[in-house]
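Its first residue numbered 1, the sequence shown is counted upward by one per residue in the UniProt record's numbering.
What follows is a single structure, written as structure tokens, with notes after it.
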Amino acid sequence: MAHMLLTDPSTWSTLFLQNLWFGVIFIRHGLYQDGVFKFTVYIPDNYPDGDCPRLVFDIPIFHPLVDPSSGELDVKRAFAKWRRNHNHIWQVLMYARRVFYKIDTASPLNPEAAVLYEKDVHLFKSKVVDSVKACTARLFDQPKIEDPYAISFSPWNPSVHDEAREKMLTQKKKPEEQHNKSVHVAGLSWVKPGSVQPFSKEEKAGTT
């Protein structure tokens with residue numbers, strides 16, 4: 001399982017004007033377990049009529065599809081031609097999450113990572129662990145881009161965070177949330193798991 005955090009949705013209109021989205025992905029299991037990877041999505045000026053958005057990790061991650069120098073993810077592999085009425089930025093985010101669980105070594109941006117994954121998975125895992133640790137060690141670094149909406153982390157400060165945590169733990173749910181508490185939501189109901197294709201999940205025939 002992986003979780004992803006984006007800048008507060010209330011700022012999205014501003015972010016579109018700036019052509020930037022800031023995010024962070026948390027990897028819960030697999031080869032990249034415990035990874036916390038901050039990234040920036042660069043949206044073309046003529047979006048959605050232009051090329052696909054670019055996704056660049058703040059710190060290059062040891063991965064076949066991540067450029068070892070720039071940290072850019074090979075998004076065009078999944079979106080060779082961006083279609084305005086078919087493709088959406090959320091699909092890019094889903095793709096960024098998926099690459100850490102399903103490793104693709106064809107035409108890599110990082111040939112070393114691809115070769116090690118195919119020929120020496122033990123050494124590959126070792127380098128991945130080092131990469132995850134390097135990202136964790138720099139988690140509290142200030143954002144590279146000076147922007148009020150960039151995501152930043154700070155060490156735990158009881159005088160600041162304890163009160164916020166207590167409020168979250170004791171917050172009462174709204175009546176409608178209580179009513180729906182038994183409903184399990186697992187992603188987008190019209191997207192097939194592991195796919196970025198809209199309406200890819202087959203509809204189940206109803207019983208009569």
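Think of the CB as a built atom: it goes at the ideal place given N, C-alpha and C, for glycine as much as any other residue.
Here the structure is a predicted model, which means the values were calculated and not measured.
Check: Run the CB neighbour count on residue 33, radius 10 Å, all protein chains shown included, and call it buried at 16 or more, exposed below.; Outcome: exposed
Check: Bridge partners for residue 22 per DSSP, in chain order?; Outcome: 40
Check: Is the segment 59-73 in contact with the segment 156-166, if contact means three or more CB pairs nearer than 8 Å?; Outcome: no
Check: My assumption, with CB atoms under 8 Å, is that residue 96 sits in contact with residue 55. Please give the rounded CB distance.; Outcome: 6 Å
Check: What did DSSP end up calling residue 57 once you bin it into helix, strand or coil?; Outcome: strand
Check: Using the three-state DSSP reduction, which class does residue 72 fall into: helix, strand or coil?; Outcome: strand
Check: CB-CB under 7 Å to residue 153, same chain, minus the five flanking residues each way: which ones, in chain order?; Outcome: 139 and 140
Check: Given that a residue counts as buried once 16 or more other Cβ atoms are within 10 Å of its Cβ, and exposed if not, what is residue 21?; Outcome: buried
Check: Tell me whether the beta-carbon of residue 100 lies closer than 9 Å to the beta-carbon of residue 23.; Outcome: no
Check: Do residue 108 and residue 74 have their C-beta atoms within less than 9 Å of each other?; Outcome: yes
Check: Tell me whether the beta-carbon of residue 52 lies closer than 9 Å to the beta-carbon of residue 90.; Outcome: no
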